[in-house]
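Participant: One structure is given below, represented as structure tokens, and several questions about it will come after.
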Amino acid sequence: MHDLPTHARGNAPLRHALLIHGAGAGGWEWNLWREVLHARGFVTVAPDLQPAAGGLAATSLDDYRDQVHAALAGLPRPCALIGASLGGLLAMLCADRADALVLINPLPPAPWAAQLPSREWPDLVPWRRDARLASTRRAMPDADEAAALYALRRWRDESGPVLRQAYAGVEAPAPAGPVLCIASERDQGVAARTTAQFAHALGATLWRYPHSSHVGPLLGRDAAGTAVAVADWLSAR
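First residue of the sequence shown: 754, per my numbering; consecutive thereafter.
In structure tokens:
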């Protein structure tokens, strides 16, 4: 069942999805989406990306990509791959293993990665240690107090090498299947215009959200509505 030929997969409903979180987060950031998708008949998996044996400072983008590949191998086809931020880049790197992609404010591959703001990343990015309610609220202006507190208690440290690789730009093949890109106009990390340019180059469907932050589509006040819309888009594939 995992290796149905393309013509057989084309007649099967798309009802499985792998959800890949962004940097400094975890599978928890998909909790609301999973409820929505489950209510719409989807089976979802939202793993926590794991550090390499040597710890986060020794973790590479390939380590995370291998985990996404392994998770996809456990899903029946056809399946969707949904990624947010860093998870969006990982989804693009694994697009050959999925039948539809949903990319939410994705860190873009080369050459669009050159448009990302210049950042210096230590080997261990201490987002967990440095997490504060005030900075979490600033990062989530479109979320309510409960969502900000929920995220504050769950941010994790991240791998500097992974982020350095992502920001330097990596090559990603163009997906063969349908792609939906979501761009938040209030995203301070990945400009909506960058996502729009990337989506245009792919021939992807583009949805722009004028009042949404970088994590807003997952954790903001309109997250449930966004998840419903994505479920409908996937069901129509």
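Glycine included, every Cβ here is placed at the ideal spot set by N, Cα and C.
Only a predicted model underlies this, so the values are computations on that prediction, with no experimental measurement involved.
Can you name the start and end residues of the beta strand (DSSP E) that Thr797 belongs to?
Facilitator: Val796 to Val798 is the extent of the beta strand (DSSP E) around Thr797.
Participant: What is the DSSP secondary structure of Ala863, reduced to helix, strand or coil?
Facilitator: DSSP places Ala863 in coil when its eight states are reduced to three.
Participant: State the beta-bridge partners of Arg793 as determined by DSSP.
Facilitator: DSSP output for Arg793 lists no bridge partner at all.
Participant: Just to confirm the assignment, what range does the alpha helix (DSSP H) spanning His953 have?
Facilitator: Its alpha helix (DSSP H) spans residues Ala945 to Leu955.
Participant: If distances are taken between C-alpha atoms only, which option among Ala799, Pro831 and Arg830 comes closest to Val993?
Facilitator: As displayed, the chain neither begins before 754 nor continues past 990, which places residue 993 out of reach and without an answer.
Participant: Considering only the beta carbon of each residue, do Leu860 and Ser838 sit closer than 7 Å?
Facilitator: In contact: Leu860 and Ser838 (Cβ atoms closer than 7 Å).
Participant: Residues in the same chain with beta-carbon distance under 8 Å from Thr812, minus the five sequence neighbours each way, listed in chain order, please.
Facilitator: Hits under 8 Å: Pro804, Ala805, Ser912, Pro914 and Val915.
Participant: Does the distance from the C-beta atom of Gln918 to that of Leu814 stay below 7 Å?
Facilitator: Contact flag set, yes.
Participant: For a minimum of 4 consecutive residues, which ranges assigned as the alpha helix (DSSP H) are wholly contained in the segment 894-919?
Facilitator: 898-905, all fully within the segment 894-919.
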